[in-house]
Structure formats: C-alpha cells, structure tokens
Amino acid sequence: MIRRLGHSVFIVAGLMGLLFLAINVLGDPVELMVDEDASQETIDALRAKFGLDRPLYIRFADFYWDLARLDFGKSLRHRIDAQEMIFDRLPNTAVLALVAWAIGMLGIPLGMLAARRPRGFFDRVVNVLSFAVISVPQFWLALMLILVISVQLDLLPTSGFKGLGPEGWKYMVLPAMALAPTVLGRNAQITRSTMIEEVAKQYVSTARSKGLGETAILYGHVLKNASISIVTLMGDELAGFMNGSTVVEIIFGWPGIGKLLIDGINARDLPIVTASVFVVALMVMVINLCVDLLYTWLDPRISYS
Amino acid sequence: MATDMTTAVQKPNPIVALWNNALLQAFLNDPITLCSALFLFVIVMAAVFAPFVAPYDPQNQQLKLRHLPPDIAAHPATMRVDGQNVTEDRRFVLGTDHLGRDYLSRLIYGGRISISVGLLGVLVSSVIGVFLGITAGYYRGILDDIIMRAVDIFMSVPLLLLALMVLFILGPSFTNIIIVFAIARWMLFCRVSRGVVLSLREQAFVDAARAIGASDGRIIGRHVLPNLITPLLTLAALEVPRNILTESTLSFLGFGIQPPESSWGLMLSQGRDYIVTAWWVVVVPGTAIFLTALSFNLFGVWMRAVSDPLQRWRWLKATKEAKEAGVG
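Residue numbers (our numbering), protein chains in the order written: chain A, 409 to 713; chain B, 16 to 343.
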C-alpha cells in the first residue's frame, strides 16, 4: 500500500516537473505572464521580482519546496494568495462533480436491465441511447438546456451562483444536467457489456445447474464479479471531472476550479495556473488511490503488499 | 439469394463472392451501422470536396442579410465583382450568421477542420503509440518499464487539463491541437499494441520465423503489424469522435482553432452570444458534431463486435436467423 502511495506521489511530482520544465525550458515564464508589447524594463523587473534570474536547478528545487508547502504565491491579477483562491473554489467544483456523478449512477441499473436480454428491444434502446448521450458535446448540451429550459420555458436561471446552500440549488440544476448524461451513458454501457461477458462464464452454468434462480445468479454472482469493472469506470469518471466541468463552469458562470484555471490562463496568471493544475492532479491521485483500496475489498486476490 | 449461390458455384465471380461475404451481409443487415457508415461517407466527402459542395464562399459577408433563419426563399445578395456591385439571389438553407455568411457553407468548411483534426490526431497518436508499444512489448526489459511508467503518468492526467497546459505553453493553432492529441492520446495505442505483441511473441509462428533467421524488423513488419491492424482500427474509430469532441471544446474555450479559420466548435463559440435571437447558429453546428461523433462511435462498436470472435459469432448468427425468418 505504501508502495502504491509512493507511486501516486511520483506521478503527481512527475507531472508537476513536466509542467515546470515546459514553462521554464520550452517557454519563458515571464513571457507567459506579460503582454506581447511589454517593455524590456518590465520584463527585467518581473524576472528579478519572481527570482527567475536564478539558475534553473535552484528554481526547480524551490518550485517543489513551494508545492510541498502548498504555497503557490500571490495571484498576479487578484493580489490574493493563490492557495486561498483554490480552497475557496474547490468545494464548488467538488459538489457539482459529485451531484453529476451521483445522477450518472442511474446508468448502472439501466445497464443491468439491458443485459438481462442481450439484443432484445430494451437492450437496443439502451445501447443506442447510451451512445447518443456520450456523443453529445457537454458544452452544447449546456447551451441547449439554457435555450430550452431557461429562455423558452423560463423555469431556471441561465447562469450564476448563490452558494452551495438551499437557496443556491436552482443554479445547480442545469450544470448538473449538462454533466450527468455522459457519465450515465458510460456507466450503462460498461455495466451492460461487463454483465453480458460475465453471464457467458462457466460459474454461471454451474450456478444454474445447482438450481439457483436467474435473479439470484444475476445479482448474487454476476453483479459482484462485474463490480470491479464498474468501480474502475466510476473512479475514472470521478477522476475525469475536470474534462466536463471546466467548460460547463464557464458557460454557467460557476465559480469552480475549471473556471479559475481558464480565467488564470486568459489573464496569464501563472501562480493560479500552477496551483489549479497541482490541486486537480492531487484530487485525481486521491480518487485513484481510493479506487485501488476498493479493489482489494471487492476482490481479495488483488493486494498491494 | 439462391440464384446468387448457384452462380457463385458455377463460376467464382469476385463480386458475388464479396456479396456473399458474411461480414458484408452482417453489415448490410444492420440498419444502425449502415446508416452511420453512410452518414460518415457523406460528411467526409463533403469535407474533402468542400469547394465544390459548398453553395457560397464561407467568408463572404452580407451584413444586410445577417441572422436569417433557415428557409429556402431567395434573398438578394450584393457583391463587388471587378469594382462593380452585382446582385444575385441566394438561398440560405441553414440560415446566416451574425455577419450574414451562409451557414451551410460555413458548416461544410468547418467540418473540414473538425474532421481533419479528428483523423490527423488519431494518426499521429497511433503512430507514436504503436511504435512505443511494439518497442515495449517486443524488447521488454528496462525500456518496457520506462514506457509503461510513462503510460501510467499520462493516463492519470485528465485530457482537458493536459490539452490546456500544452496550448497555454505553445499557443493555440491547428498544428498545436494535433500535438495535444499526440501527447495526450498515444497511451491507448501503446497499451493495445503492447498487449498484442506480448501475446504474439510467445507464439509458434514467431519462434519459427526467428528460427529461420528472420530479423526483428522482418518479424515485426510481416508477423506483428498485420495482427495489430484490426484492434488498432477499432480503437481509432472510437478515438476519432473523442478527438472531435475535444477539439470542439478547446475551440469553444478559445484555445483551439482561431478565426478566420473555422471549426464546428468555433462556430458554436461565436454563435453563443446570439443564442436567444438566432437559435440555428447554436443548434446547427452542435447537431453536426453530435451526429458525426455518434456515427463514429456506432461504427467503431460494430467493428469491435465483429473483430471479437465470440461476439462476431453472435452477430453473424443473428443475421442468419433474421434471414431465415424472412426479415433482414
């Protein structure tokens, strides 16, 4: 387990190292921070201010030391600690991602029902529909929801944010509805295909021959064995929350990490960009670790000793 | 059908043989796959022959005709030809955008970029991935460890995050989006090809080839690569829609294709401000992205099903049963 943890830390450290090298060796951090028409004095002043005139290896060590202390420096634009901004935004993204993810879980029973009669009518409907929802661009779905539900029907606000409390729920419905279908479709697909695959295995025939009912076989044996693939996917979905939530946060003006990152990139705010990437990588690492822990619980044959 | 069979027995005609091919029959008997393949064919053809298919110049602005809804009525459009104003009747089947440009023409030209990003991205990432995958699987050892560790690192980074990082550092452009896919998507091809190579290198025909003195290059070229084609094509068919969706997201966020070039994602991003007054500027390109991605996905899944011996049997059997029952 400790080895597994070391592996995760290595991955995050490696990723941040790549980011550092890409910014400092491929590009020039000062050029990423200033406008194209900045004068040489401004550039030199910034270089001295951020200690970028020091040798690369010292800056590299410094970079990791800052990361370890979660000290990303002040946002260039807002003059606030980047760390503070990140922790301010993190719950917003997390709550939105979790709500969408929870709705997406509905795909699992759908996939199970479809797998009961492969190539039957219900199966075909679920199959085509699940492919349809994973083929919809999430940001387009978001725009369509605004167009139909907010503009035409005037049911919910087009965008905005009023906190995570009870009065803010109205603002969360549409973003969650834009994010959830992709997760739902993937869950339905994987559940369906894994269940169909499992049903063809020998232990199912054995269970049948000893007189076990179909329902008991399906839920007692097949689902249990299929759960490993399903858990993997659910972990991946949660770990991939940034993929969808970034653009959905932008469209709905939801103040989360994704919006922070995009705004940071647009404002050439390097501390914010570094901090967002680091926190997202950290979250992904924690989620992956949790999934691995779940594995050992689901299938005792897997161990990380 | 019966007459076809007898002709095939009497003189082996390649066209009849192809017609009787079980795979082709399964394909023709599956309406969903057939429709998606036809749709892809039309879209790709329209993109390739855009200058001949598009009714008007996609950049030509008619500010008097801005935001016309889709209809088939003719509208007078004025243009300057050789310093003189010429008026011609134009029909905007899919309406016009905020600068009075024909939306159908823009859709066709935008599709050119979107589809080439999807296909080129897959091509580049698959070449890199397959090269590394074969190297790792065939030579094993420390190379294998390093490559697979790199795969692990790249797999654990969310695609959009990596894409934004790369474009933040390199700046947005068509080429840089392809570079994004090369960096962010090679791992899948690497994993698949490594897996196939690992199972192949233990097999008798590879041993036999080695025993008669075939070089590594020959073994890989003649024995390994042909066995990789089907799994790779299947993966590619499923990767193209993902790339198209990612490109549209990046262009929408402003980190992808830049004007005056256009892609479906960029059209959506430009149309976003007018969503209330002109619904078609958002509905049209989105539908194009959706249908293209859906067709690629459905086609890819069909390919995966028929290339898997277990599932293929099920498909062919279903086709046969349908035919015997007089359906199909």
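Here a beta-carbon is modelled for each residue, glycine too, at the ideal position from N, C-alpha and C.
Keep in mind it's a predicted model, so treat the numbers as computed, not measured.
In this model, aspartate 677/A and phenylalanine 183/B are separated by some 11 Å (Cα to Cα). Aspartate 104/B: not part of any alpha helix (DSSP H); member of the beta strand (DSSP E) spanning 99-106, first to last residue. For proline 70/B, same chain residues with a beta-carbon under 7 Å away, outside a window of 5 residues either side, are Asp117, Leu119, Ser120 in chain order. Taking a cut-off of 8 Å on C-beta distances, the stretch 601-621 of chain A does not touch the stretch 543-555 of chain A, as fewer than three cross pairs fall below it. Inter-residue distance for leucine 572/A and aspartate 562/A is about 22 Å (C-alpha atoms, whole angstroms). Between the C-alpha atoms of serine 266/B and lysine 618/A there is a straight-line separation of about 58 Å. The stretch 143-152 of chain B makes contact with the stretch 196-216 of chain B: 3 or more CB pairs, one atom from each, lie closer than 8 Å.
Serine 310/B and valine 57/B have their C-alpha atoms spaced approximately 11 Å apart.
When secondary structure is reduced to three states using DSSP, proline 565/A falls in the coil class, being assigned neither helix nor strand. At a beta-carbon threshold of 7 Å, the residues of chain A lying near arginine 287/B are Leu551, ordered along the chain. Residue environment: asparagine 100/B is assigned as exposed (fewer than 16 neighbouring CB atoms within 10 Å of its CB, all protein chains considered).
Under the rule that a run must span 4 or more residues, the alpha helix (DSSP H) segments found entirely inside the stretch 49-84 of chain B read 65-68. DSSP lists Val101/B as the bridge partner or partners of methionine 94/B. Assigned with DSSP and collapsed to three states, threonine 111/B falls in strand. Within a 10 Å sphere around the beta-carbon of alanine 469/A sit fewer than 16 other beta-carbons, which makes this residue exposed. Nearest CB-CB separation between methionine 180/B and chain A: below the 8 Å threshold.
Ile235/B is the residue among Ile235/B, Asn44/B, Phe196/B whose C-alpha sits nearest the C-alpha of arginine 209/B. Inclusion of arginine 106/B and alanine 89/B in the CB contact set at 8 Å is warranted, their separation being smaller than that value. The way I'd put it, the stretch 531-544 of chain A doesn't touch the stretch 667-675 of chain A; fewer than three beta-carbon pairs between them come closer than 8 Å. For lysine 632/A, the three-state secondary structure derived from DSSP is helix. Assignment of lysine 482/A by DSSP, reduced to helix, strand and coil, places it in the strand class.
Cβ contact annotation for glycine 568/A (same chain, cutoff 8 Å, sequence separation greater than five): Tyr579, Phe660, Gly661, in chain order.
At a cut-off of 8 Å between beta carbons, threonine 264/B contacts chain A. The stretch 257-275 of chain B and the stretch 188-195 of chain B touch, with three or more beta-carbon pairs separated by less than 8 Å. Measuring C-alpha to C-alpha distances from proline 173/B to each of Pro463/A, Asp671/A, Val685/A, Ser416/A identifies Val685/A as the nearest. Distance between leucine 175/B and valine 591/A, taken at the CA atoms: about 16 Å. The shortest CA-to-CA distance from valine 96/B to any of Ala165/B, Arg127/B, Asn75/B, Lys79/B is the one to Asn75/B.
Below the 9 Å Cβ cutoff, chain A contributes no neighbours of alanine 151/B, its closest Cβ being approximately 18 Å away. If you draw a 10 Å sphere on the C-beta of isoleucine 410/A, you find fewer than 16 other C-beta atoms in it, and that means exposed. In this structure glycine 126/B does not touch alanine 320/B by the C-beta definition: roughly 28 Å separates them, more than the 8 Å allowed.
Distance from the CA atom of glycine 459/A to the CA atom of lysine 482/A, rounded to whole angstroms, is 14 Å. Along the stretch 119-185 of chain B, the alpha helix (DSSP H) occurs as fully enclosed runs of 4 or more residues at 156-170, 174-185, listed in sequence order.
For aspartate 470/A, the uninterrupted alpha helix (DSSP H) segment begins and ends at 464-476. Taken in chain order, the members of the stretch 532-562 of chain A whose beta-carbon sits within less than 8 Å of a beta-carbon on chain B are Val536, Phe539, Ala540, Ile542, Ser543, Val544, Pro545, Gln546, Phe547, Trp548, Leu551, Met552, Ile554, Leu555, Val559. Under the Cβ distance rule, isoleucine 184/B counts among the residues neighbouring chain A, one pair being separated by less than 8 Å.
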